[in-house]
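Residue numbers (this note's numbering): 160 to 572.
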């Protein structure tokens, strides 16, 4: 027999070990049902996920992301939700409707063209196991990009001063009124009357009710309602990526979707170049913009925190995989698009096996798929899979300058 003191100590140790075991098992159960743990490398991938809704928040590296999703689905002949005719948008920036997409005899696999998130509509359209994904950007950086892309200065009739960005902030409502007025409609091309590209557009794309279209509820000045909607998004989206941490986001995507390293290779596209790209606001200007676009600031700050929570759940090899991916990306960029690239008609670039990928080859054809605008290819594939005659009636000039559809148009192609 042990002395009573030793016996009590032994029993206490057993009790503590039992508590720890229960706690550890509880954590595993909790994590197994949480969106973040679907990306935990300890949970083995058995099959790649192919059902995707990607909500594009305009000017958030979305063309780079969309090329990844289009390429993934095109290679596998998956069925995309495509805009009707030669439209580029699924009703954006208005709500998506049945009239906006091409009907199909087959179930849909991927929705990745511009559309406003609508849970009820999209859940009915897509398979039950669809993974919802989006990407957002630091709001000030996003503001500069949208200001340039949507030609706010010229259409909004800003004076030709050196700091037009800050001039806009000095009287936002005045310049927004001019920009979004019906008389400027022919210049805006794709943005309808009274729609603001600079006011919490990321939140709008994610379906937050911000007063557009006219008559819709507007919660812009209700922080409680904004936060409730953000938490609603967190509940239904498995991953909200960050532009500023694009490679880290792609590794999270790879793990979440059980994809290969080859699936997430990308060529950076549609990156704007404007004089005020490096401009940083004064404290007062930052506050003006925060008040104007408050929902986007709350959205970004919230998902910036959850993003790093997901990263932390990945374990120590996550950073190692990001570094490996960056090295592979650099090598592929040089092979496919570098000035001293080899003769792509004959050469094949081989990525050797590592702990993060099987060995794979990159050919000229794959380089093209990384760089091409693939939507016309998806139109062709749609016609083939649906047993329809391909539409050869539109010339390249028609594609550049199409007759304006009521919804879903674009002035660039």
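Ideal Cβ positions, reconstructed from N, Cα and C, are used throughout, including at glycine.
Please read all numbers here as calculations on a predicted model, not as lab measurements.
What does residue 248 pair with, by DSSP beta-bridge criteria?
-> According to DSSP, residue 248 shares a beta bridge with 273.
One or two residues paired with residue 237 in a DSSP bridge = Residue 237 pairs with nothing; no bridge assigned.
Residue 470 lies in the alpha helix (DSSP H); which residues open and close that run?
-> Per DSSP, residue 470 is one residue of the alpha helix (DSSP H) stretching across 453 to 471.
With 16 other CB atoms within 10 Å as the buried threshold, where does residue 274 fall?
-> Burial check for residue 274: the Cβ neighbour count within 10 Å reaches 16 or more, so the residue is buried.
So residue 218 packs on residue 305, CB below 8 angstroms; how close in whole Å?
-> Taking a contact as a CB-CB distance under 8 angstroms, the pair residue 218 and residue 305 counts as one, their CB atoms being some 5 angstroms apart.
Out of curiosity, what's the CA-to-CA distance linking residue 264 and residue 510?
-> The alpha-carbon of residue 264 is positioned some 39 angstroms away from that of residue 510.
Residue 418 versus residue 277 - alpha carbon distance = Going by the C-alpha atoms only, they are around 26 angstroms apart.
When DSSP labels each residue in this structure, what does residue 380 get in the three-state scheme?
-> When secondary structure is reduced to three states using DSSP, residue 380 falls in the coil class, being assigned neither helix nor strand.
Stretch-stretch touch, CB-based, cutoff 8 angstroms, three pairs: the stretch 486 to 495 with the stretch 322 to 329 | Flag = no, the stretch 486 to 495 and the stretch 322 to 329 do not touch.
Please state whether DSSP places residue 496 in a helix, a strand or coil.
-> DSSP places residue 496 in helix when its eight states are reduced to three.
Closest residue to residue 483 among 493, 383 and 514 (Cα-Cα distance) | The shortest C-alpha to C-alpha distance from residue 483 to any of 493, 383 and 514 is the one to 514.
Decide yes or no for the touch test of the stretch 283 to 296 against the stretch 396 to 414: beta carbon pairs closer than 8 angstroms, at least 3 of them.
-> The stretch 283 to 296 is in contact with the stretch 396 to 414.
Which residue or residues does DSSP assign as beta-bridge partners of residue 290?
-> Residue 290 is bridged by DSSP to 211.
Decide if residue 350 is buried, meaning its Cβ has at least 16 other Cβ atoms within 10 Å, or exposed.
-> By the 10 Å Cβ count, residue 350 comes out buried.
What did DSSP end up calling residue 174 once you bin it into helix, strand or coil?
-> At residue 174 the pLDDT is 44, less than 50, meaning the model places this residue with poor confidence; the figure from the coordinates comes in the next sentence. In the three-state reduction of the DSSP assignment, residue 174 falls in the helix class, which pools H, G and I.
Please classify residue 267: does DSSP put it in a helix, a strand, or coil?
-> Coil at residue 267, not helix or strand.
For the alpha helix (DSSP H) that contains residue 331, what are its first and last residues?
-> Note, residue 331: alpha helix (DSSP H), 331 to 339.
Beta carbon proximity, residue 312 to chain C, threshold 9 angstroms | The structure shown has no chain C; it contains just one protein chain.
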